[in-house]
Amino acid sequence: MTDPVRRVVILGGGTAGWMTAAALAKALERTGTTITLVESEEIGTVGVGEATIPTIHWFNSLVGLDEARFMADTGATWKLGIEFRGWQGEGSAYFHPFGTYGAPGDATMAPQRLTRAWLAGDTAPIEDFSLTTRIARRRAFAKPVGDLRSPLSTLGYAFHFDAMRYARHLRTLAERRGVVRHEGKVAQVERDGDTGHVQALVTDRGDRIAGDLFVDCSGLRGLLIEQAMQAGYDDWSHWLPCDAAWAVPSAAETEPTPYTQAIAQEAGWRWRIPLQHRVGNGYVFSTRFQDIEAARGLLIERMAAPPLAEPRLIRFTPGRRRRAWVGNVVAIGLSSGFLEPLESTSIHLIQSGIGKLLSLFPRRDADPLLAEQYNRLTAREVEEVRDFVILHYHLTQGRAEPLWRHCQAMPIPDTLRYKIDQFRRSARIMLTPDELFRDASWFAVMHGQGVRAADYTPLLDTMSDADNLRQLEAVRRMIGDAAARVPPLPSGRA
Ligand code: FAD
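Each residue of the sequence shown is one higher than the last, beginning at 281 in our numbering.
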């Protein structure tokens with residue numbers, strides 16, 4: 281048994297850095313381990329990342345955030361899902377809700393029942409069977425309840441928040457728990473000649489910050505994991521065509537929607553994310569299919585309100601770091617890779633990285649077996665999320681622009697092909713036990729993008745088509761009644 285880790289050093293003070301600092305400070309409380317976070321105001325943070333998914337509740341409760349205080353501090357609004365506009369051609373729209381479809385407790389069977397009804401000629405929109413979608417459309421909001429007899433148990437929610445304020449909020453918490461922030465630009469990385477482990481970071485002012493374990497949260501540049509440890513990068517731009525985004529705020533709305541909008545465009549898609557104090561707007565696009573300045577013009581022209589600042593351009597290579605943990609360096613956040621913002625999964629991947637680091641927390645020798653397990657789990661998780669994102673691009677129909685024709689024709693990963701084929705045959709959604717996006721998400725997106733199944737599970741053969749339709753009608757009424765009872769959000773706040 282070797283010595284425990286006594287000094288953790290986190291490089292980077294963006295969302296990833298401060299989330300990691302807050303979580304480690306809580307977990308390592310009273311162990312005597314020190315945590316130092318090094319960041320450079322001159323370099324700054326990526327400054328985007330405003331939409332989350334429901335797993336955020338796990339992280340917020342892990343670090344002990346009070347929901348009301350956190351929402352006030354970060355200008356947060358409720359998020360019930362994502363509305364996809366134009367992905368099946370101009371004028372089309374579908375909703376990916378965070379909750380489940382159908383009756384309470386029936387999440388897995390609901391796609392089967394709805395498929396059977398559709399095959400029997402019933403064309404009722406699937407939105408009618410999602411309470412989350414129905415209240416989102418009414419600009420109403422309610423939280424899920426634990427009682428599985430209640431339709432409210434089918435709800436799910438997350439937040440939109442100001443990423444800079446979220447990092448600041450977590451910084452206060454982390455510093456209160458003893459994390460020491462060190463301002464400075466890292467200019468040199470010292471490594472042990474024998475093990476190759478990182479020993480210290482040296483700033484351009486000559487400060488030396490030594491550590492036993494280093495968490496690389498340095499953003500897209502991956503200063504430690506790539507530049508020092510040469511982890512390698514898998515470039516997935518053959519599957520995920522977008523490699524740039526313009527981002528710009530506009531004025532807050534009086535009636536913000538409790539959901540994100542993702543609006544398909546000629547060479548990518550635009551986001552609209554309403555916060556309490558502003559609206560976040562962005563255009564994620566492919567530089568292979570649109571000139572950077574033309575993309576900027578498109579965003580400004582199509583925004584519902586004038587920009588409040590100069591748009592910012594962010595370039596990225598969609599993909600993932602081949603190994604997120606090498607030696608005594610663990611990459612969390614953009615340093616470990618970035619797919620793209622569709623489906624807002626990046627903050628989830630940060631917290632999932634933190635969770636894995638906590639459960640595999642090493643001793644000072646940084647046992648390579650722990651790194652192996654971390655990298656194995658990370659690879660699987662990122663690939664599953666990647667497939668879900670590719671699904672949106674590949675299944676888009678009704679758009680004839682070159683980017684979309686390219687996406688319709690491109691070869692896709694076998695893992696995704698398998699999922700689509702299984703659904704087409706029998707409405708089955710093939711998931712691994714701990715896969716992030718579950719039945720409702722895959723069903724919403726596949727159905728929304730026009731995929732229809734040819735059959736359903738034989739388990740439903742115990743009832744007739746008429747009984748299935750009758751039961752669904754009762755579920756639809758129950759969801760409609762429950763939706764009508766949820767009060768709308770007050771104006772001026774989502
Ligand atoms: P950064 O914010 O870039 O922070 C890097 C830190 O490292 C900074 O503090 C910097 O100062 C420091 N640093 C770097 N080099 C040095 C050095 N040499 N010395 C000292 N310090 C250094 N995620 C979501 O979950 N939802 C979304 O809606 C979403 N939208 C996005 C939209 C776009 C266009 C992009 C690009 C990303 C989006 N993301 C989203 C991802 C999200 O922004 C990031 O996951 C999140 O902000 C974490 O970033 P980070 O902390 O890893 O990196």
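Here a beta-carbon is modelled for each residue, glycine too, at the ideal position from N, C-alpha and C.
Residue i in three-state terms, based on DSSP
i      : result
Trp516 : coil
Ala323 : Checking the sequence, you will find Ile at residue 323 rather than Ala. Correct three-state label for Ile323: coil.
Ile580 : helix
Phe703 : helix
Ala416 : helix
Ala443 : helix
Ala774 : Reliability of the predicted coordinates at Ala774 is poor, the pLDDT of 48 falling under 50, and the value obtained from them is presented with this limitation in mind. Here Ala774 sits in coil by DSSP.
Thr434 : helix
Arg656 : helix
Glu573 : helix
Phe378 : coil
Arg488 : strand
Straight-line Cα distance separating residue j from residue i
i      : j      : result
Ser624 : Ile333 : 7 Å
Ala356 : Arg451 : 17 Å
Arg830 : Arg757 : Because the chain spans 281 through 774 in this model, residue 830 falls outside it and cannot be assessed.
Gly344 : His449 : 12 Å
Ala352 : Arg418 : 23 Å
Ala774 : Val559 : Annotation note: pLDDT 48 at Ala774 (below 50); position unreliable, coordinate value reported separately. Their backbone Cα atoms lie some 12 Å apart in a straight line.
Glu535 : Val665 : 32 Å
Ser771 : His557 : 13 Å
Glu715 : Asp484 : 43 Å
Asp645 : Ile290 : 18 Å
Arg568 : Pro682 : 10 Å
Ile406 : Trp338 : 29 Å
Tyr374 : Ala720 : 13 Å
Ala762 : Ser433 : 11 Å
Asn340 : Lys636 : 16 Å
Gly385 : Gly426 : 11 Å
Leu588 : Ala531 : 7 Å
Leu360 : His686 : 31 Å
Distance CB(residue i)-CB(residue j) smaller than 8 Å
i      : j      : result
Ile627 : Asp408 : no
Asp492 : His462 : no
Thr300 : Val495 : yes
Val318 : Ile489 : yes
Gly379 : Gly327 : no
Ile594 : Ala524 : yes
Phe441 : Thr354 : yes
Thr540 : Ala331 : yes
Ser566 : Pro621 : no
Met509 : Gly607 : yes
Tyr459 : Ala305 : Checking the displayed sequence, the identity of residue 459 turns out to be Val instead of Tyr. Cβ distance < 8 Å, so Val459 and Ala305 count as in contact.
One or two residues paired with residue i in a DSSP bridge
i      : result
Asn561 : Val528, Arg552
Pro391 : Bridge partners of Pro391: none, in fact.
Ile290 : Leu317, Val495
Leu593 : Trp526
His462 : Val318
Pro587 : Ser530
Heavy atom of the ligand FAD within 7 Å of residue i beta-carbon
i      : result
Arg501 : yes
Ala511 : no
Leu450 : no
Val328 : yes
Leu614 : yes
Lys306 : no
Pro621 : yes
Glu319 : yes
Ser744 : no
Gly324 : yes
Ile594 : yes
Lys636 : no
Ala585 : no
Within-8 Å CB hit, residue i to chain D
i      : result
Leu308 : No chain D appears in the structure shown, which is made up of a single protein chain.
Distance cut-off 7 Å: residue i Cβ against heavy atoms of the ligand ADP
i      : result
Lys699 : The ligand ADP is absent from the structure shown, which contains only the ligand FAD.
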